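Following: one structure in structure tokens, then a few remarks.
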Amino acid sequence: MAKYMLLIHGDAEQWDAMTAEQWVAHDAAHAAFREAAGDRIVGGEQLEPAPTATTVRSGGTGEPVITDGPFLDAKEGLGGFYLLEAGDLDEVLKLVPLLPEVHAAHSAVEVRPVVFHG
Amino acid sequence: MNDEVVAAVADAHRREWARIVATTVRLTRDFDLAEECAQDAFAQALRVWASSGVPDRPGGWLTEVARNRARDVMRREARFRRALPLLVVDETVPGPEDALAADDRLRLIFTCCHPALDRPTQVALTLRLVSGLSTAEVARAFLVREATMAARITRAKRKIATARIPYRVPSADQLGVRVGAVLQVVHLIFTIGHTAPDGAQLIRRDLCASAVDLARLLRLLMPADTAVGGLLALLLLNEARAASRVGPDGRLRLLADQDRSLWDTALIAEGVALLTDALRRGEPTRYAVEAAIAAVHAEAPRRRGAELGRHRLGRDRRPVRGAAGDVAGLPRRTAQPGRGDRHAGRAAGRAGRAGAAAR
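Protein chains in written order, with our numbering: chain A, 230 to 347; chain B, 3 to 361.
Okay, here's the thing in structure tokens:
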């Protein structure tokens, strides 16, 4: 077994523009995903939009510098994640298309294997 | 070392490389080690066969040597920490009742052509691991330096192991899509060979041969798949004209100027038979449509190109070789013989799209 991080990327403006009915369908799709994934799901959360992020990095003088905003300042950002445990990539790739973000034009789901530290 | 042994080893390399690597990978669960062991087995064959003769079943002999070598190395190196995680290999091997899943070569092909790898990587891995081309040869096909290709292949193997791309024939619900990707890879290999971008040679016969071998292997392993039959037909019908495509001056010969006596009639007959079978069995695939276009060109050995076009396009309204449906007849209308392969290629592309839309 191995762990995979599902990183849900998309355009926050497009998510904000969704209607109440669209959100109902969206949430139902996530529920269907969670149902299908079952106990493979180790964790998962929806993230507050990028403008609420705070980034901490080196200022070069030894003192950490705190900046307002996400690490990568782009139109698209991370909107949420799932952490899954699965036997192989195919098992994950079979589940991922259940996520509604796969089907919207502005968003996508990135599957990253998690480093195994023994 | 006598020529007979060298020829036998070369022949075995072409026929058996994929099987040897594929079965050894299941044991080693590591592509690099499986490749090394396969290479060792061929090196040993050169020595041993020279003194004791070529065995009755060279493939079996080579596989056994490669697997024994793998066992030795694995025993010796068990205590060292491994650089990469082991490949995901199913513990239970399906029995002969599931013919598809039972062949290791299919596992190897589907793993090399996994959709989580980009297309050039799929092509490179397939040429290296399934066709047995050296990294330098694969690099030449892509017109990149050997070091660049070695890095790309290493990165791909690392991804397969780390992301746990399974060494497995896809399940029935995925098979259609996954076969499609494999066929695109094989077709691309043929196209690279057929229209070689390399200045020194207009046609890379070795790449065309690798593609034909791959298509034959797929046909052997998946005889019921009409897309596979269509692709093999297409490759054979093009390959049949290979000898006439380049003139003595080294320049490309257009179809109208090709010496038709150089065409391989046995390959044409085989291609037409495969095409007929594929069209009879189901909806024409993109490859079958393109193969039908190639068949129109290939089946008229004595007529000049322009005449062929007028006669066939004007008079012959029969669908291709008795196949039903408009799409099967499409090549007759789109093929424009005599304008050279380049033009036929464009027509084929249009017909292919039309064929796909008609599905």
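C-beta: ideal position from N, C-alpha, C; glycine also. None of these values were measured; they are calculated from a predicted model.
Cβ proximity to chain A below 9 Å picks out nothing from the stretch 253-281 of chain B.
Residue B:E241 holds the alpha-carbon nearest to the alpha-carbon of B:A300 among B:H196, B:E241, B:L254. In the DSSP assignment, A:Y311 falls within the unbroken beta strand (DSSP E) covering 305-315.
Annotation: A:E274 is outside any alpha helix (DSSP H); the continuous beta strand (DSSP E) that includes it extends over 270-275. In the three-state reduction of the DSSP assignment, A:V294 falls in the strand class, which pools E and B. B:L88 is classed as exposed because its beta carbon has fewer than 16 other beta carbons within 10 Å across all chains shown.
Under the 10 Å beta carbon count, B:H189 is surrounded by 16 or more other beta carbons and is classified as buried.
By the neighbour-count criterion, in which 16 or more other beta carbons inside 10 Å mark a residue as buried, A:F345 falls on the exposed side. Burial check for B:A290: the Cβ neighbour count within 10 Å reaches 16 or more, so the residue is buried.
Judged by DSSP secondary structure, B:L88 falls outside any beta strand (DSSP E); it is assigned neither H nor E. Residues of chain A whose Cβ lies closer than 8 Å to the Cβ of B:I167 are, in chain order, D317, L318, D319. For B:A183, no CB of chain A lies under 9 Å from its own CB, so it is not counted at the interface with that chain. Under the DSSP assignment, B:S263 falls outside any beta strand (DSSP E); it carries neither an H nor an E label.
Residues of chain A with a Cβ closer than 9 Å to the Cβ of B:V27 do not exist; the shortest Cβ-Cβ separation is about 15 Å.
Between B:L108 and B:V23 the beta-carbon gap is near 13 Å, outside 8 Å, which marks them as no contact. The beta carbon of A:L276 does not come within 9 Å of any beta carbon belonging to chain B, so the residue lies off that interface.
One Cα belongs to B:E38, the other to B:V7, and the distance between them is close to 21 Å. In this structure A:W244 is buried. Its beta-carbon is surrounded by 16 or more other beta-carbon atoms within 10 angstroms.
When 7 Å is used as the limit between beta carbons, B:T164 is near these residues of chain A: P342, in chain order. B:L220 and B:N4 have their C-alpha atoms some 33 Å from each other. Excluding residues up to 5 positions away in sequence, A245, S246 lie with their Cβ nearer than 6 Å to the Cβ of B:L264 in the same chain.
Exclusion of the five residues before and after A:A258 leaves P329 as the residues of its chain whose Cβ lies within less than 6 Å of its Cβ. For A:F310, not one C-beta of chain B is nearer than 9 Å to its own C-beta. DSSP, read as helix, strand or coil, puts B:T197 in coil. Restricting attention to B:A126, B:L64, B:I270, B:H15, the CA atom closest to the CA of B:I194 is found in B:A126. The residues R28, R31, Y169, in chain order, have a CB closer than 6 Å to that of B:V91 in the same chain once the five nearest residues on each side in sequence are set aside. One Cα belongs to B:Q186, the other to B:A47, and the distance between them is close to 34 Å. Cβ atoms of A:V343 and A:M234 come within 8 Å of each other, at about 6 Å. Closer than 9 Å to the CB of A:L322 there is at least one CB belonging to chain B. For a Cβ distance threshold of 7 Å, residue set R166 of chain B lies close to A:A231, ordered along the chain. Taking B:W63 as the centre and dropping the five residues before and after it, the same chain places the C-beta of P57 closer than 6 Å to its C-beta, in chain order. Under DSSP, A:Y233 forms a beta bridge with A:L313, A:P342. Remark: C-beta atoms of A:G239 and A:G273 do not approach each other more closely than 9 Å. The DSSP-derived three-state label of A:L301 is coil. By the C-beta density criterion, B:A40 is buried, having at least 16 other C-beta atoms within 10 angstroms.
For the options B:P122, B:R49, B:G134, B:S54, the alpha carbon positioned closest to that of B:F33 is the one of B:G134.
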